[in-house]
Amino acid sequence: MKIAVLKETVAGERRVSATPETVKKFIGLGAQVAVEVGAGAGASIADHAYADVGATVAGRAEVLADAGIVLGVQGPDPDTLGGLAPGAWIVAGLNPFGERARIDRYAALGAEALAMEFMPRITRAQSMDILSSQSNLSGYKAVLDAAAEYDRAFPMMMTAAGTVSAAKVLVMGVGVAGLQAIATARRLGAQVSATDVRAATREQILSLGAKPIFVEKVAGIEGEGSGGYATEMSDEYKAAQAELVSAHIAKQDIVITTALIPGRPAPRLISAAQVASMKPGSVIVDLAVEQGGNVEGAVAGEVVTVSGVRIVGHRNVPSRLSADASALFARNLFNFLSAFWDKEAGKPVLDEEIGNAVRVTQGGKVVHERLVS
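Counting from 407, one number per residue, gives the positions in the sequence shown under the numbering used here.
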């Protein structure tokens with residue numbers, strides 16, 4: 407089985423889908439690995455580092471020739487997959503809802519496309535979950551980005567010239583990214599509060615030393631919600647949440663929003679009026695900006711100032727920590743493929759539970775139930 411590792415072509419994407427560490431492990435399973443020239447450059451991995459562990463380093467056409475599995479961080483452009491064998495696997499983050507036309511083209515190529523963001527959130531798949539590994543880094547980086555834009559210190563400082571008060575940070579959405587944002591802000595010395603629609607997150611917030619802020623008069627989601635994600639809430643809950651946020655947000659120096667709903671635009675959590683209620687010099691980091699944004703006025707790819715508040719809308723936040731993001735992403739892919747590696751067949755053979763969860767195209771058709779109307 408030949409595994410192809412492609413250089414990412416999306417603007418600003420610095421990650422790579424395999425590292426010398428995982429390439430060596432794939433070769434240990436009996437696979438051949440071909441890496442496109444320059445694939446690791448954005449993550450500070452030189453071509454010779456791949457060659458040193460036994461990979462072939464070549465141009466894209468040679469890398470794709472006879473490949474049974476193609477690895478990517480983001481789904482490769484179908485126009486760049488000339489010569490791909492029918493039935494070859496494309497294993498990457500495919501953004502199936504946002505890039506549906508590309509999924510259709512994978513089907514037309516005869517490829518079997520596996521969307522890693524559809525990995526089920528079950529115990530045995532935790533080490534394969536790209537969303538968790540990358541969101542963890544996003545939550546960390548969001549706090550650093552906020553600190554870079556905030557023109558004051560995070561921790562309380564007592565000096566001969568007077569006391570500097572600790573920054574007040576609110577984290578909205580307590581998934582993987584939110585939890586890491588809480589932990590990072592706490593490590594930097596901020597006073598941290600957090601809110602979520604899922605009741606089960608209250609204990610997690612408290613465990614990190616932050617203050618939970620919850621709507622009390624209207625029921626949210628008991629437990630973790632579907633697959634660990636929040637779901638769309640009632641209009642009554644949204645109104646109560648907006649009232650709670652309005653009362654709390656004006657007192658905050660920094661707000662970090664992380665709320666996403668799979669397959670839908672990001673929920674609007676902060677209105678322009680709420681932004682205007684914050685002190686000049688405050689900072690908001692919108693980690694959902696590429697899915698429509700949690701914050702009114704956020705602009706994808708830009709840092710804008712609205713009513714004296716800086717709203718940070720960086721795209722592809724994990725890629726801004728490309729070395730660590732690549733290492734974790736690559737391990738996710740290796741853990742996935744190696745878990746199903748059949749030594750006799752010399753390739754991975756997926757089981758029904760995970761195979762059906764991640765497979766979006768097969769046999770020239772789009773086959774995933776969430777994509778078939």
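Just so it is clear, CB atoms sit at the ideal spot from N, CA and C, and this is done for glycine as well.
Treat the numbers as computed from the prediction; the structure is a model and nothing was measured.
In this structure, residue 661 lies away from residue 594, with their beta-carbon atoms at least 8 Å apart.
Annotation for residue 574: no alpha helix (DSSP H) segment contains it, though the beta strand (DSSP E) segment containing it runs 574-578.
The three-state secondary structure of residue 522, taken from DSSP, is helix.
Using a 10 angstroms sphere on the CB of residue 746, the tally of other CB atoms stays under 16, which defines it as exposed.
Secondary-structure assignment with DSSP links residue 442 through a beta bridge to 464. The shortest C-alpha to C-alpha distance from residue 498 to any of 692, 489 and 509 is the one to 509. Closest by C-alpha distance to residue 689, out of 697, 705, 658 and 675, is 658.
Nearest in C-alpha terms to residue 663, of all of 643, 685 and 691, is 691. Under the three-state reduction of DSSP output, residue 618 falls in the strand class.
Your pair residue 740 and residue 428 checks out as a contact, with CB atoms roughly 4 Å apart and the cut at 8 Å.
Just so you know, the alpha carbons of residue 444 and residue 452 end up roughly 7 Å apart. Cβ-Cβ distances below 7 Å link residue 730 to 543 in the same chain, with the five nearest sequence neighbours on each side left out; the list follows chain order. Between residue 464 and residue 409, the C-beta spacing is not below 8 Å. Within the DSSP bridge table, the entry for residue 717 names 690 and 710 as partners.
Our two residues, residue 492 and residue 425, have alpha carbons roughly 26 Å apart in a direct line. In this structure, the alpha-carbon of residue 679 lies about 26 Å from that of residue 559. Between the C-alpha atoms of residue 587 and residue 654 there is a straight-line separation of about 18 Å. Just so you know, the alpha carbons of residue 707 and residue 752 end up roughly 43 Å apart.
C-alpha of residue 645 to C-alpha of residue 414: approximately 42 Å in a straight line.
For residue 748, the pairing in a beta bridge is given by DSSP as 753. Residue 695 holds the alpha-carbon nearest to the alpha-carbon of residue 722 among 471, 436, 695 and 500. Put simply, of 601, 430, 527 and 577 the residue whose alpha carbon is nearest the alpha carbon of residue 592 is 577. A direct Cα-to-Cα measurement between residue 720 and residue 448 gives close to 17 Å.
In the assembly as shown, residue 564 is an exposed residue. Its beta-carbon has fewer than 16 other beta-carbons within 10 Å.
Taking C-alpha positions only, residue 421 is separated from residue 446 by approximately 7 Å. With at least 16 other beta carbons inside 10 angstroms of its own, residue 754 counts as buried. Straight through space, the alpha carbons of residue 552 and residue 649 are spaced by roughly 25 Å.
According to the DSSP assignment, residue 408 belongs to the beta strand (DSSP E) that extends over 408-411.
Secondary structure of residue 599 (DSSP, three-state): strand. Residue range 495-499 is occupied by the beta strand (DSSP E) that includes residue 496.
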